[in-house]
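Novice:
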Amino acid sequence: MTGNNVMVVANLDDDRSIREGEAAVERYNNARDEARAQVIPMALGLCAAKRKYPATQEFGNWLQTSPYRKIGQNDRAALIKIGEHEEFASRFIRTTSLVSPQTIWGAIEELRPSYCDSNSPNPPPALEPVVPIGESGPPSQQRRLPPGVEPAVLFTPGSLGQQRDSHSAEISGTESSKMTDRCGFADAPRAEEFHTLFRSKDARANLSRIWHGKHGRAIWALMVKALDAGLVTENDRSFRTASLLLLFPSLPSTGKYDLENPEHLAYIRDHILPAMIACRDKLLANPERTKEIVNEYISGQKATEKTEDELRTEWMNDLNVMLMYILGMDEQLTSKYGYWQRWQISEQSVDRLQRAIKFLSRLIPTDTGQEDGHP
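Counting from 1, one number per residue, gives the positions in the sequence shown under our numbering.
So, in structure tokens, the structure goes:
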């Protein structure tokens, strides 16, 4: 009977966890869909700002007071490109699960390189309606194609990344195929975006190993945070350790930190990554100075942080100034008003005085007499 009760409780806990998990999935997907829906308005707004403030200095001054300053430099560049190709980008965004402007523009470039080339003398062909794989469009939408020309299906899951130069991929050691369920980190958060950004086969194999490792979830959480901050950009870096390249691929070298080391992971989470996010624009502009920029920021933060002893000393100084002023009130008031105690204070002042006395009395240690040997 006891075993049955335990089983019932366990089943109830599992059912509740499943329900909560499914609700979390809905919220997660809705949040990503909402973020993706903002890409086109953000792109058009940034393009409008570039038109209104064509001079670099003028645009920079505007940016300092605009929410766009919170977006990374690479993402802003991608937004401008997306805004310049609004029609094509709008149709693409409706069919993709990508979120960040950088990865969206990168996928668009791969999908339609001729369309994205603003210098191309030939206008892009008209976009065809999306036709699911294995189906054909209505007869009215079908048209006769020249001999030897195969019909193209736009914006289908298998179409992304297939137009990359395979020869250059072989030379650089990068993998251009779209992520499949066989990918070792396919079930990780934002997996498709990381698969697009980290093009190296070695890097992707390393991501798979890290995701299934002991600290995989904690490391991935930092990667997502860095991705949202605009630090993770498309790259061909090849690495086989859990280095800072996971968070900022533009680093000139892997550095000494290993995110699979619990102590390193905690330090990077609490100090290094927050500093990198705070200095994002500087790092993107000067990645070779990353160590110097981050150290300067952390040193500046430490200089502004005060220890408990320093705070206590400041508090005692302020309190002593206040007490000295109170003790000198009789002399100050007498010199100014003469025998000032001849006047009766108001009820409001009496109330304030009583509260002040009560406050000051709490500052007197209760064990003073015992320390002096008195009862």
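All C-beta atoms in this analysis are idealised placements derived from N, C-alpha and C, irrespective of residue type, glycine included. Being a predicted model, the structure only gives us computed values, none of them experimental.
Taking just the CA atoms, how far does Q301 sit from L323?
Specialist: Spanning the two alpha carbons is a distance of roughly 33 Å.
Novice: I need the straight-line Cα distance from I381 to L207, nearest angstrom please.
Specialist: The shown model of the chain, from 1 to 375, leaves out residue 381, and the question about it has no answer.
Novice: Can you grab the Cα-Cα spacing for the pair T103 / L311, in whole Å?
Specialist: Going by the C-alpha atoms only, they are around 47 Å apart.
Novice: Would you check if the region 105–112 and the region 82–91 touch, i.e. whether three or more CB-CB distances between them fall below 8 Å?
Specialist: Taking 8 Å as the limit for Cβ pairs, the verdict is that the region 105–112 does touch the region 82–91.
Novice: DSSP beta-bridge partners for F198?
Specialist: DSSP, once it has assigned bridges, lists N235 as partnering F198.
Novice: From N61, L360, R51 and S100, pick the residue whose C-alpha is nearest to that of G72; which is it?
Specialist: With distances taken between Cα atoms, G72 lies closest to S100.
Novice: By the 10 Å Cβ neighbour count, where 16 or more other Cβ atoms means buried, how is S200 classified, buried or exposed?
Specialist: Under this definition S200 is a buried residue.
Novice: Which residues mark the beginning and the end of the alpha helix (DSSP H) in which T334 is found?
Specialist: Where T334 is concerned, the enclosing alpha helix (DSSP H) stretches over M329 to Y337.
Novice: Considering S90, what are the terminal residues of the alpha helix (DSSP H) in which it resides?
Specialist: Here the alpha helix (DSSP H) through S90 covers E86 to I93.
Novice: Is the beta carbon of V224 sitting closer than 9 Å to the one on P249?
Specialist: No, Cβ-Cβ distance for V224 and P249 is not below 9 Å.
Novice: Given a threshold of 16 other Cβ atoms within 10 Å of its Cβ, counted over all protein chains shown, does I219 qualify as buried or as exposed?
Specialist: Label assigned to I219: buried.
Novice: By Cβ distance below 7 Å, which residues in the same chain neighbour N90 in space, the five residues on each side in sequence not counted?
Specialist: The question names Asn, yet the displayed sequence has Ser at residue 90. Here the set comprises I40.
Novice: For E263, count neighbouring C-beta atoms within 10 Å of its own C-beta (all shown protein chains included) and say buried if the count is 16 or more, exposed if not.
Specialist: So E263 ends up on the exposed side.
Novice: Which residue from V294, I272 and A188 puts its Cα closest to that of K282?
Specialist: Answer by Cα proximity: V294.
Novice: Is S168 helix, strand or coil when you go by DSSP?
Specialist: Only weak support is given to the placement of S168: the predicted model assigns it a pLDDT of 40, under 50, and the question is left unresolved by the model.
Novice: Determine the extent of the alpha helix (DSSP H) in which H264 is found, giving its start and end residues.
Specialist: Segment P262 to Y267, the alpha helix (DSSP H) holding H264.
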